[in-house]
Amino acid sequence: MRPAQPCFLEYDPENVDNPDAPYAVLPVPYEGTVSYGKGTGSAPEAILKASDQLELFDEELFVPVDIATQTLAAPDCVNGSQEEIFNRLYTKARSVLEQGRFLMALGGEHSVSLPLIRAAADITTPLSVLHLDAHTDLRDSYEGNKLSHASVMRRVSEIPVQIVHVGIRSLSHEEYVFLESVQGIVFWARDIVCGENQVWIEQIISALGENVYISLDVDVLDLSLAPSTGTPEPGGMTWYDCIKLLKCVIANRRLVAADIVETVSVPGMRANEYTAAKLAAKIMMYHKHLGCDRE
5 MRPAQPCFLE
15 YDPENVDNPD
25 APYAVLPVPY
35 EGTVSYGKGT
45 GSAPEAILKA
55 SDQLELFDEE
65 LFVPVDIATQ
75 TLAAPDCVNG
85 SQEEIFNRLY
95 TKARSVLEQG
105 RFLMALGGEH
115 SVSLPLIRAA
125 ADITTPLSVL
135 HLDAHTDLRD
145 SYEGNKLSHA
155 SVMRRVSEIP
165 VQIVHVGIRS
175 LSHEEYVFLE
185 SVQGIVFWAR
195 DIVCGENQVW
205 IEQIISALGE
215 NVYISLDVDV
225 LDLSLAPSTG
235 TPEPGGMTWY
245 DCIKLLKCVI
255 ANRRLVAADI
265 VETVSVPGMR
275 ANEYTAAKLA
285 AKIMMYHKHL
295 GCDRE
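Residue numbers for the sequence shown follow my numbering, beginning at 5 and rising by one.
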């Protein structure tokens, strides 16, 4: 039966509730700890709808967009405590990954990455996290919540997994001190955008381990690409720098799962969800056609 929610690339019949599809798209409509711009909870459905406007031909790879996906039912992200909701997300993600399928999660605020990364780390060890974001998200807690979107990478660091932060251009003194204490790996947005570092992609790949999870907060991008996001920051990455990095990482490391978070759907504005939908399609297309399988 056709699901009530929209499906990713729904106008391709192969992508309507295909339980055998190698790519599982998981909508995660959670925004329980947002502290500035609201609206991330409605973003997954908007992204799924926007995906129906994508061309079924990849202008970069010059091949049809031939990723067979199953769009999973969105977990209940309203009822229960944050811990209970995260347990549901963990269970759903782990089930997908145990089947050997690729997980593409669509948030939702950034805190949802924690249970998804935990599931990936329990299935695949060792695991590196490529964290694309304007912010480090390394506060020990924010507004009294240790599971805040502003603390997600602090909790991820405790799993533990290796984290490579890319596109950073805003952090607190607390986060800076923590980064120094753990010798955190950071690639600053200014060095990427201003061309100060010409070998940043090679350095990022070298810093990552064999198995990688990508967590992409859309505020890593220039505001022209994602003008409405939970916590916008000027000075972000260009579209082509971002997809070049994604392509090179996926071609040289084993990507096990990814999430795209912090999209905010605004009535009358299409850029936010369309950009997120295209990023999701790019990640899965790179994985299918260029992916480095190191098993």
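Backbone N, C-alpha and C fix where the C-beta goes; we use that ideal spot for every residue, glycine too. Being a predicted model, the structure only gives us computed values, none of them experimental.
Inset, instruction - Spatial neighbours of Met157 within its chain, please: CB distance less than 7 angstroms, with the 5 preceding and 5 following residues excluded, ordered by chain position. - result: His135, Thr140, Asp141, Leu142, Ile167
Legend entry - Sheet register partners of Ile264 (DSSP bridge): Leu110, Leu220
Legend entry - Neighbourhood of Arg274 by C-beta, 6 angstroms cutoff - its chain only, sequence neighbours within 5 removed: none
Legend entry - Euclidean distance between Cα positions of Ala77 and Gly148: 31 angstroms
Inset, instruction - State buried or exposed for Gln74, treating a residue as buried only when at least 16 other CB atoms are found within 10 Å of its CB. - result: buried
Inset, instruction - Check whether the segment 258–266 touches the segment 198–218, counting contact only when three or more Cβ pairs, one atom from each stretch, lie closer than 8 angstroms. - result: yes
Inset, instruction - Compare the beta carbon distance of Pro23 and Cys81 with 8 angstroms and say whether it is the shorter of the two. - result: no
Inset, instruction - Please state whether DSSP places His291 in a helix, a strand or coil. - result: helix
Inset, instruction - Give me the Cα-Cα distance between Ile89 and Thr95, rounded to the nearest whole angstrom. - result: 10 angstroms
Inset, instruction - Determine the direct distance from the alpha carbon of Pro119 to that of Asn91, and round the result to whole angstroms. - result: 7 angstroms
Inset, instruction - Just mark Leu250 as buried or exposed, buried being the case when its beta carbon has 16 or more other beta carbons within 10 Å. - result: buried
Inset, instruction - Quick one: using the 10 Å Cβ neighbour count with 16 as the cut-off for buried, is Thr129 buried or exposed? - result: exposed
Inset, instruction - Using 7 angstroms as the cut-off, classify the Cβ of Phe12 as near or not near the heavy atoms of the ligand SAH, replying yes or no. - result: The ligand SAH is absent from the structure shown, which contains no ligand whatsoever.
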